[in-house]
Amino acid sequence: MSTSLEVPDRLDQVMDGAGLLAGAANIIMQLAHPGVGYGVYESKVESGQLFRHPIKRTRTTLTYLVVAARGTDEEKAAFRKGVNRAHAKVRSTPDSPVQYNAFDPELQLWVAACIYRGFEDVNRALHGDLSPAAAEFFYKEGATFGTTLQVPPDRPEDRIAFDEYWNKALDKVSIDDTIREHVLSIARLEFLPAIVSRLFGRLNMFFTNGFLPQQFRDEMHLTWTDKDQQRFDRTLRTIGTVSRRIPVRIREFPYNLLMFDLRRRMKAGKPLV
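In the working numbering, the protein residues as written are 153 to 425.
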């Protein structure tokens, strides 16, 4: 596939709503680290549990992405404060299968790295292979997904260092039966009303499988054929072509709506997380 994505001026200029098709795949990647997986699965933050509060949890997750990409320093600080309050309750117990702490910089770095890789992979799938300049842009600007939490801006310091970090971090990827069933339920949209899961669960599972790197598919016990890959590539190219031809306000939905909602809630003094 030839390069078709020009280097934008800012990260938020390529926030395509079609990228939500990769959402479940990115969740699987994040939770494939046992510390993150069990931190989410065992979380005592009731208001943030996806299967109990699907709309609120989805809103929080997507708002984090748009705040990181296009929020002001004040907005990022306010959202970070809200996230920190929730994370303060996410700690392992003596009965937990693995030890974790939501403030662990290594776990936060892993989450940020997965978001960055997913963001880049989505744009590649929709708009074509990245030029070296575009790849450098994505890495430099993608640091915001970590620094909006507590990850230092220079960690890893460049794309080469990131690749080294990523390859080493993959050694820690391990999905057991408990986490596998949990994330499969997410990919099948079982946290939504049954009618939605029945209508769209299989399709979402296809996109989820397509966006997963092979190592993660293996951990999930998923199969993926050459024919599946060809169908996936054709579908994403078509979606990308359509996306580039529609008005920006439509293409950026729901991120633009979430940014508006965040600013409305900040002005009204309402909780952000």
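Note that CB positions come from ideal geometry on N, CA and C, so glycine has one too.
Query, Result
"Is it the case that the Cβ atoms of V425 and I179 are separated by a distance below 8 Å?", "no"
"Grab the span of the alpha helix (DSSP H) containing A254 for me, first residue to last.", "Careful: A254 lies outside any alpha helix (DSSP H) and carries neither H nor E."
"I'd like to check one pair, V192 with P257: are the Cβ atoms closer than 8 Å?", "no"
"Under a three-way DSSP split, which group does R340 fall into?", "coil"
"With respect to the alpha helix (DSSP H) encompassing L388, which residues constitute its N-terminal and C-terminal limits?", "378-396"
"How would you write the range of the alpha helix (DSSP H) that I402 sits in, first residue to last?", "400-403"
"Between F297 and A321, is the Cβ-Cβ spacing less than 8 Å?", "no"
"For the stretch 178-204, list the alpha helix (DSSP H) runs that are entirely contained and at least 4 residues long, ordered along the chain.", "186-193"
"Run through DSSP, which three-state label would N408 get?", "helix"
"What span of residues does the alpha helix (DSSP H) with G169 cover, start to end?", "Careful: G169 lies outside any alpha helix (DSSP H) and carries neither H nor E."
"Compare the C-beta of K233 with all C-beta atoms of chain C and state if any pair is closer than 8 Å.", "Among the chains in the structure shown there is no chain C, since it carries only a single protein chain."
"Around the Cβ of G421, are there at least 16 other Cβ atoms within 10 angstroms (buried) or fewer (exposed)?", "exposed"
"Does the distance from the CB of V274 to the CB of A339 come in under 8 Å?", "no"
"Find out if the Cβ-Cβ distance for the pair L407, V197 is shorter than 8 Å.", "Checking the sequence, you will find Tyr at residue 407 rather than Leu. It is not a contact, given that the beta carbons lie outside the stated cut-off."
"I believe A220 touches H239 by the beta-carbon criterion, under 8 Å. Please report the beta-carbon distance rounded to the nearest angstrom.", "Incorrect: roughly 15 Å between the Cβ atoms, too far for contact."
"Just to confirm the assignment, what range does the alpha helix (DSSP H) spanning T299 have?", "296-299"
"By the three-class DSSP mapping on this structure, what secondary structure does R243 have?", "strand"
"Just the Cα atoms here: how many angstroms apart are K379 and H279?", "21 Å"
"If I measure Cβ to Cβ from S156 and keep anything under 6 Å in the same chain, skipping five residues before and after, which residues do I get?", "Model confidence at S156 stands at a pLDDT of 49, short of 50, so the residue's coordinates are unreliable; what they give is reported in the following sentence. Result list for S156: H279, G280, in chain order."
"Does DSSP classify V425 as helix, strand or coil?", "coil"
"Tell whether a beta-carbon distance below 8 Å holds between I331 and L183.", "yes"
"With DSSP run on the structure shown, which of helix, strand or coil describes L374?", "coil"
"Provide the residue span of the alpha helix (DSSP H) that contains S349, from first to last.", "346-363"
"Hey, G189 and L259 are a contact pair by Cβ (cut 8 Å); roughly how many whole angstroms apart?", "Not really, about 10 Å apart at Cβ, beyond 8 Å."
"Output the distance between the C-alpha atoms of R307 and T224, rounded to the nearest integer angstrom.", "22 Å"
"Assign V242 to buried or exposed, taking buried as 16 or more other Cβ atoms, counted over all protein chains shown, within 10 Å of its Cβ.", "buried"
"Could you give the distance in angstroms between the alpha-carbon of Y216 and the alpha-carbon of K233?", "12 Å"
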